[in-house]
Every structure is written in C-alpha cells, then in structure tokens.
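Student: Okay, here's the structure, questions in a sec.
Numbering (the working numbering), first residue to last: 2 to 199.
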C-alpha cells in the first residue's frame, strides 16, 4: 500500500477510511498548533543577580503559563545575541555588572525597534528614568516589594493586546486550512470509493 499527500494532488491505494480520517485529523491538529503558537509572547529577563532572574521567571511562568515564554540572561551581551524580530519584551536591569543598561537598551531598540523594554532599577532618580524613556524604554520599574506586581500588570496588558492582534488573522488562517483539509479529504474518500468499486 502506498499513500502520498500533497496539497495539490492526493493518491492512495486501498487506504482504510478510518485511517484516512486519522491522518487528516493529525494534519489539521498540527497545523492548528503551529498557527496558534504565534500567540506566545517571547520575553527576556536580563539581570546580573541570578536569584532575581529565578524569582522573576518563576513568577511570570506561574502567572501566565504558555502565554509567555520566559528566557533569562545574566548579561546584556548574552541577551543581545538572541534579540530578533520575535523578541517581544525585555525586562532589563539598569545597572549590569560591567555594562551600562542604557547602552544595552539602545542596542536592543536598534536591532528590533518593536521590542518593548521595561527597565528595572534601584535608582529612583527621575533623571535616570527620563533618560531611559529617551532611549526607547516602554516602562521604568523600581526594584521594591511591589516590583513583581507592577511587572505582571505590564505584561498582562501586552498579553491581552497581543491576543487581540493575532486572534482574527489566526481564525482566518484556520478557516482556510479547515476548508482545504475537508476538500482534500473528500478527494481521498472519492478515490477510495472508486478503488473498491473496481
């Protein structure tokens, strides 16, 4: 028995009808998973304090689950190596060991202007905050007992916004995929019927 699948042509030989359904269900499920995976926000946390990195990552993972993919870096240089068009948010420490957080911020925005950067700092000086905003920071959060709550609120807004943006295109893609899948399934079923009538 041989079975080859292509979006343009489908050929089969004595393929059981129930197996055909399983195959196309699997194809549909895999395509749906691929489409909906674009709902995930890629978030980087950059700090030279490993304990803080663990704390923030665990908190955000518990809070948002699969909606947010959290990756941590203990240096700005390491983070910059991974910045790309799929980097949505970066939580960046203002003072990094041997590095200037503002310079890292500026380089992030140069690589991807659409990446939103949340500066995290012990410095309550308004001048420092203003400079961060000038260089492209989206928000400025002071490190204190309310930091995680503030960060969660900011991330939650982004999650809601992101889901709204991708929801309609994803539904259109899924509807088109569903139509294509059932159309192709109809071709396969017709081929099977013709085979058994021979």
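Ideal placement from N, C-alpha and C gives every residue a C-beta, glycine not left out.
Quick caveat: nothing in here was measured; it's all calculated off a predicted structure.
1) For residue 116, which residues from the same chain have a beta carbon less than 8 Å from its beta carbon, with the 5 sequence-adjacent residues on both sides left out?
2) Here's a check: name, in chain order, each residue in its chain whose Cβ is nearer than 6 Å to the Cβ of residue 49, leaving out the five neighbours to either side.
3) Tell me whether the stretch 53 to 72 and the stretch 151 to 158 touch, counting them as touching only if at least three CB pairs, one residue from each stretch, are closer than 8 Å.
4) Locate the beta strand (DSSP E) running through residue 72, then write down its first and last residues.
5) For the stretch 112 to 159, which segments carrying the beta strand (DSSP E) assignment without a break, of at least 3 residues, lie completely within its bounds, in sequence order?
6) Could you give the DSSP three-state label for residue 193: helix, strand or coil?
7) Report the rounded CA-to-CA distance for residue 145 versus residue 123, giving the unit in angstroms.
8) Rounded to whole angstroms, what is the Cα-Cα separation between residue 191 and residue 164?
9) Determine the burial state of residue 159: buried for a count of at least 16 other Cβ atoms within 10 Å of its Cβ, exposed for fewer.
10) For residue 104, which of helix, strand or coil comes out of DSSP?
11) Report, in whole angstroms, the separation of the C-beta atoms of residue 143 and residue 125, which I expect to be a contact under 8 Å.
12) So the beta strand (DSSP E) residue 43 belongs to, where does it begin and stop?
13) Which residues in the same chain have their Cβ closer than 7 Å to the Cβ of residue 65, if we skip the five residues on either side of it in sequence?
Tutor: Checking against the coordinates, here is how it stands:
1) Non-local beta-carbon contacts of residue 116 in its own chain, meaning distances under 8 Å to residues more than five positions away in sequence, involve 84, 88, 89, 90, 91, 109 and 110 in chain order.
2) 75, 97 and 98
3) yes
4) 69 to 74
5) 117 to 122 and 140 to 143
6) helix
7) 8 Å
8) 39 Å
9) buried
10) helix
11) 6 Å
12) 42 to 47
13) 156 and 160
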